[in-house]
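Heads up, the sequence shown stops at 184 in this note's numbering, and the numbers go up one at a time, no gaps.
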Amino acid sequence: MPDRPLSDLESVILGCVAVSGPATAYAVRRMFLDSPSARFSGSAGAIYPALRRLEQRRLVRSAATPTGARPARAYSITPAGRRELRAWLQTPLTPEAGFADDPLRTRMLFLSALSPAARRTWLDEAEACIRAQTGLVDDHDAAHSDDPWMTLAHDNTRRLNRARLRWIAEARKL
């Protein structure tokens with residue numbers, strides 16, 4: 011397999027396997043599906059091939075594991091995988107990393123195209139969306155409270171969402 015850099019999805023999967031210990035492809039997929047973030051797809055068509063690529067590159071290894079009626083393999087990180095994960099984590103971030111994709115911000119740019127009533131409706135829906143996301147983060151955090159790094163990441167989302175709610179309040183004044 012070519013020695014190309016790992017994609018962000020592959021790196022995140024590698025991290026999931028590293029922190030969870032041996033995990034089946036289904037368990038890794040569940041981590042994505044259960045996450046309050048929609049940044050990466052939790053589809054079988056994304057996760058399973060990525061795990062196969064990681065195994066081909068000897069960054070993870072798998073072993074048969076009893077899971078019931080269907081055969082499954084449990085993936086664990088290899089020493090090479092741990093080195094690759096550390097390299098990814100220690101790669102300097104670019105300025106673009108602080109400018110995350112934000113569909114709300116993007117749409118806000120064009121709200122002048124809507125009537126005042128439609129803008130109010132959009133702002134109401136955006137606020138409801140942010141509050142719902144905060145609830146999902148709180149629920150996910152409660153289920154994973156034993157991981158201080160995940161708790162810290164969730165705290166970041168809550169802080170950002172509080173700022174976004176203030177931002178929407180400012181937009182309502184226009």
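C-beta: ideal position from N, C-alpha, C; glycine also.
Check whether residue i and residue j have beta carbons under 8 Å apart
i: residue 150; j: residue 46; result: yes
i: residue 171; j: residue 144; result: yes
i: residue 5; j: residue 147; result: Given that the chain is displayed from residue 11 to residue 184, the structure contains no residue 5 and the question cannot be resolved.
i: residue 54; j: residue 95; result: no
i: residue 181; j: residue 118; result: yes
i: residue 71; j: residue 52; result: no
Integer Cβ distance of residue i from residue j, believed to fall under 8 Å
i: residue 61; j: residue 23; result: 6 Å
i: residue 35; j: residue 58; result: 5 Å
Residue i versus residue j - alpha carbon distance
i: residue 135; j: residue 75; result: 45 Å
i: residue 19; j: residue 48; result: 12 Å
i: residue 176; j: residue 121; result: 17 Å
i: residue 33; j: residue 83; result: 8 Å
i: residue 158; j: residue 26; result: 15 Å
i: residue 37; j: residue 125; result: 46 Å
i: residue 156; j: residue 162; result: 11 Å
i: residue 11; j: residue 65; result: Any answer about residue 11 is weak, because its pLDDT of 48 lies below 50 and its placement is not dependable; what the coordinates show is given next. Cα-Cα distance, rounded: 11 Å.
i: residue 93; j: residue 16; result: 12 Å
i: residue 101; j: residue 63; result: 21 Å
Top-ranked residue by Cα proximity to residue i, from the options
i: residue 112; options: 140, 99 and 123; result: 140
i: residue 98; options: 163, 69 and 110; result: 69
i: residue 133; options: 114, 51 and 142; result: 114
i: residue 73; options: 31, 39 and 108; result: 31
i: residue 183; options: 51, 91 and 129; result: 129
i: residue 67; options: 142, 40, 14 and 152; result: 14
i: residue 21; options: 90, 137 and 116; result: 90
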